[in-house]
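I have placed the structure first, in the form of structure tokens, so that the comments after it can refer back to it.
2 protein chains.
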Amino acid sequence: MLDNIYLSIYHDLVNQIEQGSLPPDSKLPSENELAVQYSTSRETVRKALHLLSQHGYIHKIKGKGSFVLHVNKFNFPVSGLVSFKELTKRMRKKATTKVISLKRGRPSPYIATQLNISRTEEVWEVIRVREIDGEKIILDKDYFRSFIPPLTVEICEDSIYEYLDQTLTVGISFAKKFITIESITEEDQAWLDHKEYPMIAVVRNYVHLEDNTLFQYSESRHRPDKFRFVDFARRA
Amino acid sequence: MLDNIYLSIYHDLVNQIEQGSLPPDSKLPSENELAVQYSTSRETVRKALHLLSQHGYIHKIKGKGSFVLHVNKFNFPVSGLVSFKELTKRMRKKATTKVISLKRGRPSPYIATQLNISRTEEVWEVIRVREIDGEKIILDKDYFRSFIPPLTVEICEDSIYEYLDQTLTVGISFAKKFITIESITEEDQAWLDHKEYPMIAVVRNYVHLEDNTLFQYSESRHRPDKFRFVDFARRA
DNA sequence: AAGTGGTCTAGACCACCTG
DNA sequence: AGGTGGTCTAGACCACTTG
């Protein structure tokens, strides 16, 4: 919506690919043609195509053209900051989120360390259980620094990210995720339908704002049989 | 080494960051200054900085400048096509690779499906065990389409990717990784020091060449306590 | 030879941050 | 006001593919 030409071209082409008017293996118009179509310069078109390429939508071949990839066979997001809500929407599953606890207060030493703040600075703590097809699959523990706008149970049941995107003045910039596999804890056992699996997949996520401050730490604890992580990586 | 200006600027800055002459939180010269330093245009400098940003080395703030991130705290690659050899070199561990079997022949139905080829087309099969600090931790099963240059045990003990990078005329373009957690198989038990862990982390990797053909399928099976996957993701 | 994407230039205007 | 990064333009030359 911004007056950003290359982003609007990008979104337009993404739509065409997802709607099917640009099917897999089909060839996009050449960069020069697109520049004329969108009344812009070729470099600007190239910026849009670069984004499509980075996100796994197209593939460019020198001398030949740009071609649509058939990636979304698994209907899954390319690795990135994708919220649970977006994710389940794509997978067309019945998914619900139950808020176990929501409070603001002093962090534990562990959380203070993870967020790299002093123990006297208050944090928001949100603990949620994600249910998919009637089974409690994911235990989400989120910790936010207290300068974010106040959270409510309704927001946490919906999408915290949507809320923050709309209310935060400074945007989200980048995140680091660490995936490990650990022994199940009593807390996991208490909240999840763990089916005797002794281990759990843990995704630790450190989210930074545009000014580089770390503002969120989260642990997403997944029952191993339902865990799935996808990574799309381009070379160089 | 190519006559590629922005790549050489990128590599130069990566070196400065990794050597420490550009420490974390320090500010890079402005884009205009870099353009003068490298005797090139600002857009070319920006291309290099964009790469640094994508790979988690720097962080740009409008109106202020570009700053070095302190990411490599965990000394781990940003998600991508990183080989075992590069990986262990960074972690400074004693790591060895043992080739269990190396052969060329008809694929199993499963492998033919994964590689999306007919069962009559031969494939290379490489099965390897990765040992770290004396423990057999990872079972790697690699399948290559037969048009690649011939493999030897020596190559497989070193780095298949380095070999392919040097010998393949058409380069590697992109890869999709799928991470799941599964029950341990008899094959895993036979080759790994599995320590009674009943589950195993499986990374399935589909690697494509620049002409978009899928040329490799691999399964990397990790003992859960040693498994670690890192993902760096930028927003938008 | 013509078309394609890959790289590069030398400008330009803007929004943002700092003095 | 001056510096910064973000976007955009209208050219240019190159390497690659195809007819």
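If you read the protein sequences in the order shown, they are chains L and Y. Heads up: the first sequence runs through residues 70 to 305, numbered per the numbering used here. Heads up: the second sequence runs through residues 70 to 305, numbered per the numbering used here. Quick reminder that beta carbons are idealized off the backbone N, C-alpha and C, glycines included.
DSSP state of residue i mapped onto helix, strand, coil
| i | result |
| --- | --- |
| D94(Y) | coil |
| N274(L) | strand |
| R303(Y) | strand |
| T109(Y) | coil |
| V358(L) | Residue 358(L) lies beyond the residue range present for chain L, which begins at 70 and ends at 305; the question has no answer from this structure. |
| S122(L) | helix |
| K295(Y) | helix |
| K116(Y) | helix |
| N144(L) | Confidence at N144(L) is low in this model, with a pLDDT of 45, below 50, so its placement is unreliable and the value that follows should be read with caution. The answer is coil: DSSP assigns N144(L) none of H, G, I, E or B. |
| S77(Y) | helix |
Residue i: contacting residues in chain Y (beta-carbon distance under 8 Å)
| i | result |
| --- | --- |
| S242(L) | H128, R303, R304 |
| E100(L) | Simply none; closest approach about 16 Å. |
Within chain L, the residues that residue i reaches when beta carbons sit closer than 7 Å
| i | result |
| --- | --- |
| P293(Y) | I250, M268 |
| D209(Y) | Going along chain L, no residue has its Cβ under 7 Å from D209(Y), so there is no contact; the nearest lies around 17 Å. |
Of the residues the options, the one placed nearest residue i, counting alpha carbons only
| i | options | result |
| --- | --- | --- |
| L91(Y) | L138(Y), H124(Y), T249(Y), R115(Y) | L138(Y) |
| I206(L) | F284(L), E190(L), Y232(L), D257(L) | D257(L) |
| T249(Y) | R273(Y), L233(Y), R188(Y), A117(Y) | R273(Y) |
| L171(L) | E226(L), A104(L), Y230(L) | E226(L) |
| S187(L) | R214(L), E200(L), V198(L) | R214(L) |
| A270(Y) | D262(L), P293(L), L261(L), T236(L) | P293(L) |
| D209(L) | A181(L), F216(L), I169(L), V83(L) | I169(L) |
| G174(Y) | D300(Y), V195(Y), A164(Y), K295(Y) | V195(Y) |
| E200(Y) | G125(Y), R297(Y), T165(Y) | T165(Y) |
| G132(L) | D280(Y), K246(Y), R297(Y) | D280(Y) |
| I74(Y) | F298(Y), S242(Y), S108(Y), R197(Y) | S108(Y) |
| V114(L) | P98(L), S287(L), H124(L) | P98(L) |
| D202(Y) | D262(Y), Q235(Y), I78(Y) | D262(Y) |
| K167(L) | S228(L), F301(L), G134(L), S110(L) | S228(L) |
| S242(Y) | S242(L), R303(L), V198(L), L237(L) | R303(L) |
| V198(Y) | A181(Y), T189(Y), V222(Y) | V222(Y) |
| L120(L) | S77(L), E102(L), P93(L), G134(L) | S77(L) |
| T238(Y) | Y266(Y), K245(Y), A244(Y), L278(Y) | L278(Y) |
Cβ-based burial, residue i [other Cβ within 10 Å; buried from 16]
| i | result |
| --- | --- |
| A259(L) | exposed |
| K162(L) | exposed |
| N185(L) | exposed |
| Q88(Y) | exposed |
| S289(L) | buried |
| P178(Y) | exposed |
| D211(Y) | buried |
| P218(Y) | exposed |
| V192(Y) | buried |
| I130(L) | exposed |
| F296(L) | buried |
| Q285(L) | buried |
| V105(Y) | exposed |
| E100(Y) | buried |
| G240(Y) | exposed |
| K264(Y) | exposed |
| F216(Y) | exposed |
| S96(L) | The displayed chain sequence assigns Lys, not Ser, to residue 96(L). The residue is exposed, with fewer than 16 neighbouring Cβ atoms inside 10 Å. |
| I86(Y) | buried |
| D300(Y) | buried |
7 Å Cβ cut-off: residues of chain Y touching residue i
| i | result |
| --- | --- |
| D262(L) | Within chain Y, no residue comes near D262(L); the closest Cβ sits about 16 Å away, beyond 7 Å. |
| D81(L) | None at all; the shortest Cβ gap to chain Y is about 16 Å. |
Interface residues of chain L facing residue i [CB-CB closer than 8 Å]
| i | result |
| --- | --- |
| N281(Y) | H128, I130, F136, L138 |
| R297(Y) | F247, I248, T249 |
Interface partners of residue i on chain L, CB under 9 Å
| i | result |
| --- | --- |
| D227(Y) | Residues of chain L passing the Cβ test: none, with the nearest at roughly 20 Å. |
Contacts that residue i makes with chain Y (C-beta to C-beta distance below 9 Å)
| i | result |
| --- | --- |
| D257(L) | In chain order: nothing, as chain Y lies at least about 14 Å away. |
| D202(L) | Chain Y residues near D202(L): none, gap ~18 Å exceeds 9 Å. |
| D72(L) | Residues of chain Y passing the Cβ test: none, with the nearest at roughly 16 Å. |
Alpha helix (DSSP H) runs contained entirely in the stretch 162 to 234 of chain L, provided each spans 4 or more residues: Segments of the alpha helix (DSSP H) lying fully in the stretch 162 to 234 of chain L: 178 to 184, 222 to 226.
Sequence ranges, alpha helix (DSSP H) only - wholly within the stretch 244 to 293 of chain Y, length at least 4: 255 to 260
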